[in-house]
Amino acid sequence: MRPPKDLTELSVQEFDLERTLGCGQIFHAMSLPGPSGPGWQVLVDHEPIFLCQRGEILLVTAGHEATARNYLALDHPLETVYAAFPTDPFSQAALTACRGLRILRQPLWECLATFITSPMKQVAHIRQISLHLRERFGCPVRGSLINAYPSATRLAETSEDALRACGLGFRARSLFATAKAIACGSFDLTALDALPTDKARTLLCELPGVGRKVANCVLLFACERLDAVPVDVWMARILQAMRKKKSTPLELERFSRRRFGAYAGYIQQYLFHHARMTKSLPKP
DNA sequence: TGCCAGGCCAAAT
DNA sequence: ATTTGGCATGGC
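And the structure:
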């Protein structure tokens, strides 16, 4: 995508584009040199959007302002999230370092599929797999560098081996099986919206390749459940350092929900990103 | 080289 | 109910 000539200026407060796109919740954003400084291209389903931030001005492809506002969750009450941050030095450092990071509103299938490909993979490699799947099976989009994320139906008509050839390893079986379950209608993703979080999580965990951690990623990043806390190896180390008592991942998840409150998932993302960027943990 | 990565699953205790 | 081992791949 060439940066579009027609850009609309949006006024934004408490927003940081680079942190939001780069904190490990989406895996496809492409950085581009723009007409007025560097920017990013993202795809929201089949809608290509160019974004470029200069202070409290966000430049957005004209005609796509409403999609951008929703995708970037510019309506989330970050001051309320900040007020709920713990006061220990590590948490406050994470807040300072990540201020303006927002939890995106991701397309549901893309989010589910990419996190099925995530177990025992580093963020950079999840991105590589995601781009490979888009390149091989996704629909081209006019004006976009990258293809749309392939639908469940499209992946269901490929094969486990074809997915394996995209570097998925043992995750190929899970992604293929889940794609088939959704394509044939035996699992209805649209039913998640109406369910309380615990029921939605239980339902998601019925899908191949979806355990509690991946389910919590989907709930947080695509289902607006901002209290859902994915506990990966990084979060386990962070939360274990905050809680002296030796704990299982599930205990740490509940601990974080009690400690952090209704925006526990949001706070989790700040702690996760900060720990990864600085390779540091809270003092035990 | 060896170790680790935004885990999941089934088998064994 | 809880713990353990296997699973593919790539980066440092």
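Using my numbering, read the first sequence as starting at 731 and increasing by one per residue. Don't be surprised by glycine CBs; every beta carbon is placed ideally from N, CA and C.
The C-beta separation of L747 from W770 comes to about 7 angstroms, placing the pair in contact by the 8 angstroms criterion.
For L898, there is no enclosing alpha helix (DSSP H), since its DSSP letter is neither H nor E. Taking the Cα of Q858 as reference, the smallest distance to any Cα among C914, T978, L898 and R987 is reached at L898. Closest in C-alpha terms to L893, from the list E936, D923, E739 and A843, comes A843. A contact is defined here as three or more CB-CB pairs under 8 angstroms, and the segment 926–939 fails this definition with respect to the segment 820–838.
Under a 10 Å Cβ-count criterion, M965 is classified as buried, with 16 or more other Cβ atoms of the shown protein chains found around its own Cβ. Every unbroken stretch of the alpha helix (DSSP H) spanning 4 or more residues and falling wholly within the segment 877–923 is given here in chain order: 882–886, 890–893 and 901–913. Counting along the chain, the unbroken beta strand (DSSP E) around F780 starts and ends at E777 to R784. Straight through space, the alpha carbons of S889 and A814 are spaced by roughly 46 angstroms. The residue from L802, F780, E786 and R784 with its alpha-carbon nearest to that of A792 is F780.
The continuous stretches of alpha helix (DSSP H) do not include V961, and DSSP gives it neither H nor E.
G752: member of the alpha helix (DSSP H) spanning L747 to G752, first to last residue. Using a C-beta cut-off of 8 angstroms, the segment 875–888 makes no contact with the segment 806–825, since fewer than three inter-stretch Cβ pairs fall below that distance. DSSP places P768 inside the beta strand (DSSP E), whose first and last residues are G767 to V774. Residue burial is scored here from C-beta neighbours: I787 has fewer than 16 other C-beta atoms within 10 angstroms and is therefore classed as exposed.
In this structure, T927 is the residue among C753, A824, T927 and R973 with its C-alpha nearest to the C-alpha of E954. DSSP lists T738 and L781 as the bridge partner or partners of V790.
Within the segment 809–869, there are no complete beta strand (DSSP E) runs of at least 3 residues.
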